[in-house]
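Engineer: First, the structure itself, so that you have it in front of you.
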């Protein structure tokens, strides 16, 4: 019986095209090309296509876009995804700094 979509066994499929991308990884990159924006309908498509929650999908995608194989297979897409991820991380870090940094504009910090 084949592994269920999204299971760890399904993740370790054979590489496609002689490269080191698994079939699932190649499908994820192709999916990102079709769905460039994170939206509600994309969440439903992620569940239908991969059998994963959107949170788990993005965890796997973040690991994937750090791989040299993904960069070699889809350089423009991977660079765009890395740039978007870096922007989100910086925005989150800035929001955390603004919310909890001592010495900010909050008079209670003094």
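Residue numbers (my numbering): 1 to 110. The C-beta atom is built at its ideal place from N, Cα and C for all residues, glycine as well. Because the structure is a prediction, the values reported are computed rather than measured.
#1: If we call anything under 8 Å between Cβ atoms a contact, is residue 141 one with residue 70?
#2: As a quick exercise: from 56, 80, 86, pick the residue whose alpha carbon is nearest that of residue 33.
#3: Between residue 73 and chain B, is there a C-beta pair that is closer than 8 Å?
#4: To test your reading of the DSSP string, which unbroken alpha helix (DSSP H) runs of 4 or more residues are found completely within the stretch 23-67?
#5: If I'm right that residue 25 touches residue 64 with Cβ under 8 Å, what's the distance once you round it to whole angstroms?
#6: What is the DSSP secondary structure of residue 21, counted as helix, strand or coil?
#7: Which of helix, strand or coil does DSSP assign to residue 74?
Structural biologist: Based on what the coordinates show:
#1: Residue 141 lies beyond the residue range present for the chain, which begins at 1 and ends at 110; the question has no answer from this structure.
#2: Indexing the chain shown from 1 puts residue 33 at position 33. The shortest Cα separation from residue 33 among 56, 80, 86 belongs to 80.
#3: Note that chain B does not occur in the displayed structure, where there is just one protein chain.
#4: Here the runs fully enclosed are 23-34, 40-50, 54-64.
#5: Taking the first residue of the chain shown as position 1, residue 25 is located at position 25. Taking the first residue of the chain shown as position 1, residue 64 is located at position 64. Confirmed, Cβ separation roughly 5 Å.
#6: The residue given as residue 21 occupies position 21 in the chain shown. Residue state for residue 21 is assigned as coil, using DSSP reduced to three classes.
#7: Along the chain shown, one-based indexing puts residue 74 at 74. Three-state DSSP puts residue 74 in coil, outside helix and strand.
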